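Heads up: the structure comes next, in structure tokens.
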Amino acid sequence: MKLDVNVLRYLSKEDFRVLTAVEMGQKNHEIVPMPLIDSISGLKHGGAFRCLKTLLQHKLVHHEGQKYDGYRLTYMGYDFLAIKALVARGHIAGVGRQIGVGKESDIFEVTNDEGEVFALKLHRLGRTSFRDVKSKRDYLGTRSNYSWLYLSRLAALKEFAFMKALGDHGFPVPVAIDNNRHAVLMELVDGQPLVQVRELAHPAAVYSAAMDLIARLAARGLIHCDFNEFNLLIDEEETLTLIDFPQMVSVSHPNAEELFDRDVECIIRFFNKKIGYMPQLDESLPSIRPSFQAAVAEAAAAGASGLDVELAASGFNKNHAKDLQAFLDGSEVQDDADDQAGSDSEEGCEDEDEDDSEPSSSDADAASDSGSEQLLDEAGDLPDAQAAAAAAAAARAARAAARQQQGGVDGEGSIAPSRAPTDISFMGREVQQRLVQQRQKAAARAVNLKASRNVSKAKDKKARKTASAMADW
Ligand SMILES: Nc1ncnc2c1ncn2[C@@H]1O[C@H](COP(=O)(O)OP(=O)(O)OP(=O)(O)O)[C@@H](O)[C@H]1O
Ligand SMILES: [Mg+2]
Numbered sequence: 001m002k003l004d005v006n007v008l009r010y011l012s013k014e015d016f017r018v019l020t021a022v023e024m025g026q027k028n029h030e031i032v033p034m035p036l037i038d039s040i041s042g043l044k045h046g047g048a049f050r051c052l053k054t055l056l057q058h059k060l061v062h063h064e065g066q067k068y069d070g071y072r073l074t075y076m077g078y079d080f081l082a083i084k085a086l087v088a089r090g091h092i093a094g095v096g097r098q099i100g101v102g103k104e105s106d107i108f109e110v111t112n113d114e115g116e117v118f119a120l121k122l123h124r125l126g127r128t129s130f131r132d133v134k135s136k137r138d139y140l141g142t143r144s145n146y147s148w149l150y151l152s153r154l155a156a157l158k159e160f161a162f163m164k165a166l167g168d169h170g171f172p173v174p175v176a177i178d179n180n181r182h183a184v185l186m187e188l189v190d191g192q193p194l195v196q197v198r199e200l201a202h203p204a205a206v207y208s209a210a211m212d213l214i215a216r217l218a219a220r221g222l223i224h225c226d227f228n229e230f231n232l233l234i235d236e237e238e239t240l241t242l243i244d245f246p247q248m249v250s251v252s253h254p255n256a257e258e259l260f261d262r263d264v265e266c267i268i269r270f271f272n273k274k275i276g277y278m279p280q281l282d283e284s285l286p287s288i289r290p291s292f293q294a295a296v297a298e299a300a301a302a303g304a305s306g307l308d309v310e311l312a313a314s315g316f317n318k319n320h321a322k323d324l325q326a327f328l329d330g331s332e333v334q335d336d337a338d339d340q341a342g343s344d345s346e347e348g349c350e351d352e353d354e355d356d357s358e359p360s361s362s363d364a365d366a367a368s369d370s371g372s373e374q375l376l377d378e379a380g381d382l383p384d385a386q387a388a389a390a391a392a393a394a395a396r397a398a399r400a401a402a403r404q405q406q407g408g409v410d411g412e413g414s415i416a417p418s419r420a421p422t423d424i425s426f427m428g429r430e431v432q433q434r435l436v437q438q439r440q441k442a443a444a445r446a447v448n449l450k451a452s453r454n455v456s457k458a459k460d461k462k463a464r465k466t467a468s469a470m471a472d473w
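Okay, so the sequence shown: first residue is 1 according to the UniProt record's numbering, each after it adds one.
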């Protein structure tokens, strides 16, 4: 999907008001009916309908006319709301070229009024998690797309909170600047992903720096869980910067040690296979791989406080963490299944994504107002959480079924030839066991969800009330 920010210029205040009304309506409705959009936007004489025509034309909303008649946001519509809020806060003045296409995000260069350049990451959870067509159809056919928006918002919130905390504690991460909805604004790192490098002037030093980073994170109570050549940027001086944090977990996670070891093995495999540097043969290295137990014990002995305590106060709360983790665990199951089916390359610890640098530059100088966004932030997100939890559970169940069809799961293959690979196959089974429990929970949640629908009418009333508060837009 192309993010054509030129459109921002042509959208009126009323268009944004209606776009915001659709977002608000989606807190309780999968598809937002026209009367509710009318009521929330408060535009008279068919004004909302006229704006919807413009929004449809620019693909910012989608019209659903089959089962229900109504509208929902597209990812681009959500992008525009986030970008407009960041413009209103004075952090963005223009959106430039796309610099990264992650599995579940798009990254753009953006500028502020002073001409400084930053990176804007727009999370798109669900974009590639469901490579199996059937589970995709099952999922999307029955569940709200707002769940995706909600999960993407959680991923951004978590990423921003972790990036900020890690930066404050001296970890080499991009400086976290701002967060709105599914967007994270951060420092633009002057470097390239390690995966693009084939030769290093000082491979042992870079390898040691990576291992040290994994150990230091654990000593601060955290495991990255996606620590690999795709998520390490390297500059001219061969200094590393760590990116991409939505999947980080605490060292108190039940599979912490295996997740830690997996991060370590990913780096060993990359250096063996792609750089041609074999740490296991380098006698000058003080240690080849850090030990999880040692890192945790060292932290305990030093009385170092875990970052998880600080993160608890960041706005990314326990319920958010639970919702997001449920989704990420589900994705992991699917990724394992893909590995089994041979779709994963041997390139590294992830699929290799092509860096598509499609230019799309313009000034995003649309007039802005922050009132709408503030009101939206005030609106509770409990129904989103319920919908997302039930949706994630349904997706996991569908993926588990697809996985069974593929004939069971095993772990990844061997990593470093001269070493016993970390056995992560049991992790797959653990996840499977958890799936059974989660499916039971999902059934219970579905009952709750039904009950919550009964109160959604009352919530609509609340939304209308909020709408009257929006009169001073
Ligand atoms: N702060 C930044 N500065 C410069 N480039 C960045 C920055 N953040 C991300 N990128 C670029 O965007 C790419 C994808 O970023 P990131 O890993 O955060 O996204 P992702 O969706 O999680 O990707 P994946 O799922 O493939 O790991 C990176 O490989 C890098 O090239
Ligand atoms: Mg990444």
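Don't be surprised by glycine CBs; every beta carbon is placed ideally from N, CA and C.
If you're wondering where the values come from, they're calculated on a predicted model, not measured in any experiment.
Item                                                                                                                                : Value
Reduced DSSP category for Ser41 - H, G, I as helix; E, B as strand; rest coil                                                       : helix
According to DSSP, residues forming a beta bridge with Asp106                                                                       : Val101, Leu122
Beta strand (DSSP E) segment containing Val22, residue limits                                                                       : Per DSSP, Val22 belongs to no beta strand (DSSP E); it is in the alpha helix (DSSP H), 13-25.
Three or more C-beta pairs below 8 angstroms linking the region 258-266 and the region 181-198                                      : no
Ligand 2 heavy atom lying under 7 angstroms from the CB of Gly102                                                                   : yes
Integer-rounded CB distance, given that Ile223 should sit under 8 angstroms from Leu259                                             : 5 angstroms
Proximity test, Val189 beta-carbon vs ligand 1 heavy atom, cut-off 7 angstroms                                                      : yes
Contacting residues, own chain, Cβ-Cβ under 6 angstroms from Phe162 (five flanking each side not counted)                           : Phe245, Met248
Limits of the beta strand (DSSP E) - the one that Ala201 falls within                                                               : Neither: Ala201 is in no beta strand (DSSP E) and is coded neither H nor E.
Distance CB(Tyr68)-CB(Ile37) smaller than 8 angstroms                                                                               : no
Whether Leu151 touches Leu125 by CB criterion (8 angstroms)                                                                         : yes
Distance cut-off 7 angstroms: Asp329 Cβ against heavy atoms of ligand 1                                                             : no
Residue environment, Pro290, which counts as buried when at least 16 other CB atoms sit within 10 Å                                 : buried
Beta-carbon contacts of Glu14 that lie in its chain and below 7 angstroms, excluding the five residues immediately before and after : Leu43, Gly47, Cys51
Unbroken alpha helix (DSSP H) run spanning Asn6, endpoints                                                                          : 6-10
Extent of the continuous beta strand (DSSP E) to which Leu242 belongs                                                               : 240-242
Residue from Ala88, Arg89, Asp79, Arg127 with nearest C-alpha to Phe108                                                             : Asp79
beta-carbon Asn231 near ligand 2 non-hydrogen atom, thresh 7 angstroms                                                              : yes
heavy atom of ligand 2 below 7 angstroms from Asp244 C-beta                                                                         : yes
Nearest neighbour of Leu328, chosen from Ala155, Asn180, Gln66, Ala21 [CA to CA]                                                    : Ala155
Distance between Phe227 and Arg17 (C-alpha atoms, nearest Å)                                                                        : 41 angstroms
Nonlocal neighbours in the same chain, by C-beta distance under 8 angstroms from Gly90, ignoring five residues either side          : Asn112, Asp113
Integer Cβ distance of Leu307 from Gly221, believed to fall under 8 angstroms                                                       : 6 angstroms
Gln340 - DSSP class collapsed to helix/strand/coil                                                                                  : Reliability of the predicted coordinates at Gln340 is poor, the pLDDT of 41 falling under 50, and no value is obtained from them.
Cβ-Cβ distance between Lys274 and Arg198 below 8 angstroms                                                                          : yes
Check whether Ile92 and Pro174 have beta carbons under 8 angstroms apart                                                            : no
Buried or exposed by the 16-neighbour rule on C-beta atoms within 10 Å, applied to Gly170                                           : exposed
Coarse secondary structure for Thr54, derived from DSSP in three states                                                             : helix
Check: Ala210 C-beta below 7 angstroms from any heavy atom of ligand 1                                                              : no
Selection from Leu3, Glu283, Asp323, Asp235 that minimises the alpha carbon distance to Ser105                                      : Leu3
Simplified DSSP state of Arg269, which is helix, strand or coil                                                                     : helix
Nearest-angstrom Cα separation, counted from Thr239 out to Ile177                                                                   : 21 angstroms
Spatial neighbours of Arg127 in its chain, beta-carbon cut-off 6 angstroms, leaving aside the 5 residues before and after           : Glu104
Expected contact under 8 angstroms - CB spacing of Leu157 and Phe316 to nearest Å                                                   : 5 angstroms
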